[in-house]
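Asker:
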Amino acid sequence: MRDRSIQEKFMRIALQEAKRAFDEGEVPVGALIELDGAIVARGHNTRERDGDPTAHAEIVAIKEAAGILSKGDLSKCNLYVTLEPCLMCAGAALQARIKKVFFGARDPRAGACRSLYRVLEDKRLPWRCEIEGGILAADCKKILDNFFLMLRNRRRDGRAVEGGRLEID
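Going by the numbering used here, the sequence shown opens with residue 36, and the numbers climb by one from there.
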């Protein structure tokens with residue numbers, strides 16, 4: 036098991052990506068790919084900007100890492116993401132052969148690692164990822180809660196929904 040302070044360091048960087056998504060009016064989820072203690076790639080949700088329903092933070096980071104490393108096999112890499120991956124992103128982690136997934140907040144509506152499903156640990160699949168959740172979970176949940184509160188308030192007030200600014204310690 037990795038040292039918790041190292042996990043938190045990388046999750047804080049993923050949270051910076053989530054803040055970028057928030058500022059761009061995207062659901063604030065951030066991710067990064069780590070290899071041997073170095074960040075290979077980062078990503079945040081760009082669904083709205085790109086008009087691409089697959090542009091989740093994990094997919095963005097995995098694609099970038101595969102391009103940088105010039106290979107689709109990321110079996111020595113770890114994925115850090117602020118929200119428990121959905122089915123699509125869990126599938127992408129499996130296809131990329133990610134070694135371990137570290138996530139922040141659980142996703143009771145779409146989580147495919149622990150909340151609704153346990154896809155990454157399914158023994159019927161040829162590859163499995165290790166999983167560790169709850170890394171800076173309160174901080175990861177807070178940015179999501181603030182984003183959706185902002186959306187509800189803007190919709191209630193009849194204002195356009197666009198990027199906002201968020202300060203997080």
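We treat Cβ as the ideally placed atom computed from N, Cα and C, and that holds for glycine.
This one's a predicted model, so the numbers in the text were calculated from it and none came from an experiment.
Thinking C-alpha only, which one of L104, C148, S40, T81 is nearest I94?
Answerer: T81
Asker: In this structure, how does DSSP classify G126 when only helix, strand and coil are distinguished?
Answerer: helix
Asker: Could you tell me the boundaries of the alpha helix (DSSP H) in which A73 lies?
Answerer: That residue, A73, is in no alpha helix (DSSP H); its beta strand (DSSP E) goes 73 to 79.
Asker: Suppose the cutoff is 6 angstroms on Cβ atoms and the five residues either side in sequence are ignored; what does the same chain contact list for D142 look like?
Answerer: L118, E119, S150
Asker: Taking DSSP as the reference, what is the three-state secondary structure of E83?
Answerer: helix
Asker: DSSP has E69 in a bridge; who is on the other side?
Answerer: In the DSSP assignment, the residues bridged to E69 are I74, N113.
Asker: Apart from the five residues on each side of it in sequence, which residues of its chain come closer than 6 angstroms, Cβ to Cβ, to A172?
Answerer: G139, A140
Asker: Leaving out five residues before and five after E69 in sequence, what residues of the same chain have Cβ atoms less than 6 angstroms from its Cβ?
Answerer: F45, N113
Asker: Is DSSP giving E167 helix, strand or coil here?
Answerer: Of the three classes helix, strand and coil, the one that applies to E167 here is strand, per DSSP.
Asker: With a 10 Å radius around its C-beta and 16 neighbouring C-beta atoms as the bar for buried, classify L184 as buried or exposed.
Answerer: exposed
Asker: Taking Cβ positions only, does I103 come closer than 9 angstroms to chain C?
Answerer: Absent here is chain C; the protein component of the structure consists of one chain.
Asker: By DSSP's criteria, V136 is part of a beta bridge. Which residues make up the other side?
Answerer: L114, I166
Asker: Looking only at its chain, what residues have a beta carbon closer than 7 angstroms to the beta carbon of A125, apart from the 5 residues adjacent to it on each side?
Answerer: A147, C148, V154, L155
Asker: Classify P88: buried if its beta carbon has 16 or more other beta carbons within 10 angstroms, exposed otherwise.
Answerer: exposed
Asker: Closest to L109 by CA distance: which of A66, A131, L122 is it?
Answerer: A131
Asker: Determine the DSSP secondary structure at A173, reduced to helix, strand or coil.
Answerer: DSSP places A173 in helix when its eight states are reduced to three.
Asker: Quick check on E52: does DSSP put it in helix, strand or coil?
Answerer: The answer is helix: DSSP assigns E52 an H, G or I state.
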